Structures are given as structure tokens and as C-alpha cells.
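**Q** A single structure is presented below for examination.
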Amino acid sequence: MKNPIKLEYYLAALIVITLLNTFLGEKFSSTTLVSVLIAITVTYKGFIVIDHFMELKGANKNLRFLMRLYFVIFPSLIIVSAFY
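Right under this line is the structure:
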């Protein structure tokens, strides 16, 4: 079991990043820039969830690799679609 205090910091970071993404979506007019920034933060948030909340940091390397690959491929598709 992880340290609950440390998990609370990660949860707070996820909430702050989500609020930042909401602010970016509401205030900026450059959709390409916002899409790229949000895709990058989705990747980062996915890695945090995989490592700390799903506790896959010490799990099977193949499973962890596939989960991380999911959070690399789909945000990359978001970035590619922002340019079309």
C-alpha cells in the first residue's frame, strides 16, 4: 500500500492539471496549441495514474508497457488530428 499522504499529493496534482486544461480550453483561441498542450498533459496524467493509483510501477513490465503505450498513442493521435 502506498503512503496515503503521497497519493493525496498526486491526486491534487491531477486535479490542478485538469483545472489548467479547462482554463486553456476556455481562454485560448489557438486550438492547435491547446490540443497539443492537453495531449501532453493527458499523457502525463495517464503515467501518474498507471504508476501510482493502479500500482503498476512494480507489475509485469509487458503490462505496464502496454498501458503506457496506450497513453502515448492516443494523445499522439490527438496531436495529429489537431493539424487537420
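With the first letter of the sequence shown counted as 1, position 44 gets the number 44 in the UniProt record's numbering; the numbers rise by one all the way through. Think of the CB as a built atom: it goes at the ideal place given N, C-alpha and C, for glycine as much as any other residue. None of the values given here were measured: they were computed from a predicted structure.
What does a CB cutoff of less than 7 Å around Val-80 pick up in its chain, not counting 5 residues either side in sequence?
**A** Excluding sequence neighbours, Val-80 sits near nothing in its chain.
**Q** With DSSP run on the structure shown, which of helix, strand or coil describes residue 85?
**A** The structure shown does not extend to residue 85, since the chain is modelled only from 1 through 84, so no value can be given for it.
**Q** So, helix, strand or coil for Lys-27, using DSSP?
**A** If DSSP states are grouped into helix, strand and coil, Lys-27 belongs with the helices.
**Q** According to DSSP, is Lys-61 part of a helix, a strand, or is it coil?
**A** Note: Lys-61 maps to helix in three-state DSSP.
**Q** Between Leu-69 and Pro-75, what straight-line distance do the alpha-carbon atoms span, to the nearest angstrom?
**A** Whole-angstrom Cα-Cα distance: 10 Å.
**Q** Determine the burial state of Ala-12: buried for a count of at least 16 other Cβ atoms within 10 Å of its Cβ, exposed for fewer.
**A** So Ala-12 ends up on the exposed side.
**Q** Assuming the contact rule is C-beta atoms closer than 8 Å, Ile-5 and Thr-41 should be a hit. Round their C-beta distance to whole Å, please.
**A** Contact flag wrong, Cβ pair sits at about 24 Å.
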